[in-house]
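Residue 1 is where the sequence shown starts when you use UniProt numbering, and the numbers rise one by one after that. Below: one structure, written as structure tokens.
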Amino acid sequence: MRTRDVAALAGTTPRALRHYHRIGLLPEAPRDANGYRRYSAADLVRVLRIRELAASGMPLREVARALDQDPSSLSHQLDDLERVLDAQAERIERQRGLLRELRRTLHGPAQALGNPRSECGSGAGRESQTAQLDRDVWLLATGTGAIDSATAAHFEAAVAQQFADLGAAPSWLQEFAALEGEPTIDAQRADHLAGAIAAFAAELTAGHDFAGASDGAQVLDLAAELQGASLSGAQLEVWRRFEALIRQ
């Protein structure tokens, strides 16, 4: 058999066969008068075994040793390989868990509340800075463990249900986002908006026990830092009044 024949039968390529020769996995085959390699059935079987071991996850540098071992020794090597694959599977599952967590974060309370979009200037059609802040604060709270996963899931479900009951984004959310870039706000409007946010929060948490949340004093300070950097003067004033209301 010529190179292309062996490659076709083994489901590989002539280039792969040349690589096997180069690294010593496959003994050099005798050549005919025209200079073409001529392979035997035993060569084909070896190529098939190489392919089989490589497909199982065994690195090519270990395949040569595996091919030359007796069955009992090879069994031990395969046991080692299986342990490596088990560890890889665990790592992949952890990575999948992180992806699920990332999706959950991207579709957390900020998403459920409608993610108001900026309607003015160059920001038209883009997510508002307020919505981005919501995402950042939520990631800060859940990613650091200040809010555990069970509490976070409970809170997300409560937000989603509130939003479904309203059938639209709360008016206070749109109004609060519209204050982006506004340095000041009159006291009456600030009180009204803070009261609306407090009422929504009260409805949201009514009947729910969020005691599972950790004491996240440091996280609260970090969230306040994010708010100070992201919210406008008008928004910060509304938020201060909202915090005063919920402390009463």
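In this text, a Cβ means the ideal position worked out from N, Cα and C, and glycines have one as well. On a predicted model such as this, the values are computed, not experimentally measured, just so you know.
Out of the options, state which residue places its alpha-carbon closest to the alpha-carbon of residue i.
i    : options                   : result
D165 : A223, F200, L231 and L140 : F200
I23  : T12, R38, V6 and L60      : L60
R51  : H76, L245 and L17         : L17
A8   : Y39, H21, R83 and P170    : Y39
L173 : R31, P183 and D134        : D134
L222 : L74, A146 and R100        : A146
Q218 : L140, A157 and E175       : L140
A41  : D68, S75 and D5           : D5
I185 : A152, Q95 and A234        : A234
E175 : A131, A153, E156 and F155 : A131
Name, in chain order, the residues that DSSP records as bridge partners for residue i.
i    : result
R135 : R135 is not bridged to any residue.
R31  : R37
Who are the near neighbours of residue i in its chain, counting only those whose CB is closer than 6 angstroms to its CB and skipping five residues on each side?
i    : result
V238 : A190, L193 and A194
I197 : W172 and F242
G123 : At G123, the pLDDT of 45 sits below 50, so the modelled position is not reliable; the number obtained from the coordinates is stated separately. Within the same chain, G123 has no close Cβ partners at all.
R37  : T3, A29 and R31
T13  : A7
V84  : none
Tell me whether residue i counts as near the ligand SAM, meaning its Cβ is closer than 7 angstroms to at least one heavy atom of that ligand.
i    : result
I197 : Judged by which ligands are present, the structure shown has none, so any question about the ligand SAM falls away.
With residue i and residue j assumed to form a contact (beta carbons below 8 angstroms), what rounded beta-carbon distance in angstroms separates them?
i    : j    : result
A54  : V63  : 6 angstroms
D136 : L220 : Actually they are not in contact, since the Cβ atoms of D136 and L220 sit about 14 angstroms apart, beyond 8 angstroms.
Q88  : Q77  : So it is not a contact: roughly 17 angstroms between Cβ atoms.
Leaving out the 5 sequence neighbours to the left and right, which residues in its chain are closer than 7 angstroms to residue i when beta-carbon positions are compared?
i    : result
S232 : L179, E180, G181, E182 and P183
L81  : S56, G57 and M58
S230 : Q129 and L133
A10  : L44, V47, L48 and R51
Which residues in the same chain as residue i place their Cβ atom closer than 8 angstroms to its Cβ, once the five residues preceding and following it in sequence are excluded?
i    : result
L26  : L17, Y20, D43, R46, V47 and I50
L236 : Q227 and G228
G97  : none
L74  : A66
*Note down, one range per segment and in chain order, each alpha helix (DSSP H) of at least 4 residues found wholly within the segment 156 to 199.*
171 to 178
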